[in-house]
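A.B. asks: Below is the structure I would like to discuss, written out as structure tokens.
Residue numbers (the UniProt record's numbering): 1 to 322.
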């Protein structure tokens, strides 16, 4: 078991034998272990270096075991320091590698195709963990995985590291039952969200170093994505995001109270409205009559001064009613 902190099998054998005696001479230990005198001497020397054994003064030489809990704590702390140094060194090497990678990549290598659902998910997780400043996303149906799947905790882990996390949602994404609640949980954890009428693609940008764009075939999401490295193409995607961000409507924290009579299903209605759902589909989703839907929609339009249903949905989002 002690091998995980750098103690060899012979050293572990000697240490655990010594813990049973608390202290012993070399000769006494020879009777407890299946090692030669030379092997035992080497093992004791290594254990002293590890801090697991002390040589006591006097002759013949006696050896005492450090209490196991203290010994383990010391070795674990040393291991953690070593791992931290390795992490720092690896980060420095990775930064050098990325700088070289960005300048020396052949034009044909600036876009990589990542294939396979598992490989794609692993790539997304890795890139988000490697992000140092910000993550930007554009979100729209269809989806490879269930979009209402508890991503708020992932958002919290990212923002807890001090990262900026911004997402632009297509209005149709908000019409998916339960999606607005999921988006709101992300906002509570630090996500900054906006919504617009027509997000052109699904995309994730990590810092200014990578963009991941799912492959779409026949209106469906394939189990593959384009991974775009630093290039003029990546710069164009970043500019697209920032332009769309400026033109989108912020999804705010709850502000004004929902209109009377909408408290129970109001958020769902507004999400469907912003998503462009028809009165008939809203009625089916909420279990209302079409006439009831008409009444509530016109009340919202009048309240926010909107001329169209979509404007009403966007204004409701802006006011933080969702």
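We put the beta carbon where it would ideally sit given N, CA and C, even for glycine. This one's a predicted model, so the numbers in the text were calculated from it and none came from an experiment.
Just the C-alpha distance for residue 30 and residue 158, rounded to the nearest angstrom, thanks.
C.D. replies: Those two C-alpha atoms are separated by around 55 Å.
A.B. asks: How about residue 245 and residue 166: do their beta carbons lie closer than 8 Å?
C.D. replies: Yes. Within cutoff.
A.B. asks: Where residue 80 and residue 179 are concerned, what is the direct C-alpha to C-alpha distance, given to the nearest angstrom?
C.D. replies: Answer to the nearest angstrom: the Cα atoms are 40 Å apart.
A.B. asks: Can you tell me whether residue 241 is buried or exposed? The criterion is at least 16 other CB atoms within 10 Å of its CB, across all chains shown.
C.D. replies: So residue 241 ends up on the buried side.
A.B. asks: Taking the C-alpha atoms as reference points, what is the distance between residue 271 and residue 225?
C.D. replies: C-alpha separation (whole angstroms): 29 Å.
A.B. asks: Under three-state DSSP, which class holds residue 213?
C.D. replies: Residue 213: strand per DSSP, three-state reduction.
A.B. asks: Using beta-carbon positions only, say whether residue 194 and residue 251 come within less than 8 Å of one another.
C.D. replies: Yes, Cβ-Cβ distance for residue 194 and residue 251 is below 8 Å.
A.B. asks: Helix, strand or coil for residue 164, going by three-state DSSP, please let me know.
C.D. replies: Three-state result, residue 164: strand.
A.B. asks: Candidates 49, 117, 5: which alpha carbon is nearest residue 83's?
C.D. replies: Out of 49, 117, 5, 5 has the C-alpha closest to the C-alpha of residue 83.
A.B. asks: In whole angstroms, what is the alpha-carbon distance linking residue 335 and residue 9?
C.D. replies: This structure gives no information on residue 335, because the portion of the chain shown stretches from 1 to 322.
A.B. asks: The alpha helix (DSSP H) spanning residue 15 covers which residue range?
C.D. replies: Per DSSP, residue 15 belongs to the alpha helix (DSSP H) from 9 to 21.
A.B. asks: In the stretch 13 to 84, which residue ranges form an unbroken beta strand (DSSP E) of at least 3 residues, counting only runs that do not cross its ends?
C.D. replies: Counting only runs of 3 or more, we get 23 to 25, 53 to 56, 62 to 65.
A.B. asks: From residue 219 to residue 143, what distance separates their C-alpha atoms?
C.D. replies: Answer to the nearest angstrom: the Cα atoms are 10 Å apart.
A.B. asks: Taking DSSP as the reference, what is the three-state secondary structure of residue 114?
C.D. replies: The answer is strand: DSSP assigns residue 114 an E or B state.
A.B. asks: Since residue 14 contacts residue 56 with CB under 8 Å, what's their CB separation in whole angstroms?
C.D. replies: In fact, because the Cβ distance is near 16 Å, the residues do not count as touching under 8 Å.
A.B. asks: In or out: residue 326 buried (at least 16 other Cβ within 10 Å) or exposed?
C.D. replies: The question about residue 326 has no answer here: the residues shown for the chain are numbered 1 through 322.
A.B. asks: Along the beta strand (DSSP E) that carries residue 203, what are the first and last residues, could you check?
C.D. replies: Counting along the chain, the beta strand (DSSP E) containing residue 203 begins and ends at 203 to 206.
A.B. asks: Are there 16 or more other CB atoms within 10 angstroms of the CB of residue 60, so buried, or fewer, so exposed?
C.D. replies: Residue 60 comes out exposed.
A.B. asks: I need the DSSP call for residue 268, collapsed to helix, strand or coil.
C.D. replies: Three-state result, residue 268: helix.
A.B. asks: What residues match up with residue 137 in a beta bridge as DSSP calls it?
C.D. replies: DSSP output for residue 137 lists 167, 204 as bridge partner(s).
A.B. asks: Using alpha carbons as the reference points, say which of 273, 238, 176, 268 lies closest to residue 146.
C.D. replies: Of the listed residues, the one whose Cα sits closest to residue 146 is 176.
A.B. asks: By alpha-carbon positions, which one of 78, 77, 20 ends up nearest to residue 64?
C.D. replies: Minimum Cα distance to residue 64 is reached at 20.
A.B. asks: Just to confirm the assignment, what range does the alpha helix (DSSP H) spanning residue 239 have?
C.D. replies: Run containing residue 239: 232 to 247, per the alpha helix (DSSP H) assignment.
A.B. asks: Would you check if there are 3 or more beta carbon pairs closer than 8 Å linking the stretch 203 to 223 to the stretch 184 to 194?
C.D. replies: No, because fewer than three Cβ pairs between the stretch 203 to 223 and the stretch 184 to 194 fall closer than 8 Å, the two stretches do not touch.
A.B. asks: Which value, in whole angstroms, describes the spacing of the CA atoms of residue 138 and residue 169?
C.D. replies: C-alpha separation (whole angstroms): 6 Å.
A.B. asks: Please report how far the alpha carbon of residue 208 lies from the alpha carbon of residue 286, in whole angstroms.
C.D. replies: Looking at the two C-alpha atoms, the distance is approximately 42 Å.
A.B. asks: Have a look at residue 227 and residue 215 and give me their C-alpha separation to the nearest angstrom.
C.D. replies: Rounded to whole angstroms, residue 227 to residue 215 spans 10 Å at the Cα level.
A.B. asks: Measure from the alpha carbon of residue 230 to the alpha carbon of each residue in 210, 243, 223, 248, then state which is nearest.
C.D. replies: Of the listed residues, the one whose Cα sits closest to residue 230 is 210.
A.B. asks: If residue 354 and residue 120 are in contact, beta carbons under 8 Å, what's the gap, nearest whole angstrom?
C.D. replies: The structure shown does not extend to residue 354, since the chain is modelled only from 1 to 322, so the question has no answer here.
A.B. asks: Tell me the DSSP bridge mates of residue 226?
C.D. replies: DSSP output for residue 226 lists 113, 213 as bridge partner(s).
A.B. asks: Provide the residue span of the alpha helix (DSSP H) that contains residue 302, from first to last.
C.D. replies: Here the alpha helix (DSSP H) through residue 302 covers 290 to 304.
A.B. asks: Label residue 249 either buried or exposed according to how many other C-beta atoms from any shown protein chain fall within 10 Å of its C-beta, with 16 as the threshold for buried.
C.D. replies: Buried is the call here.
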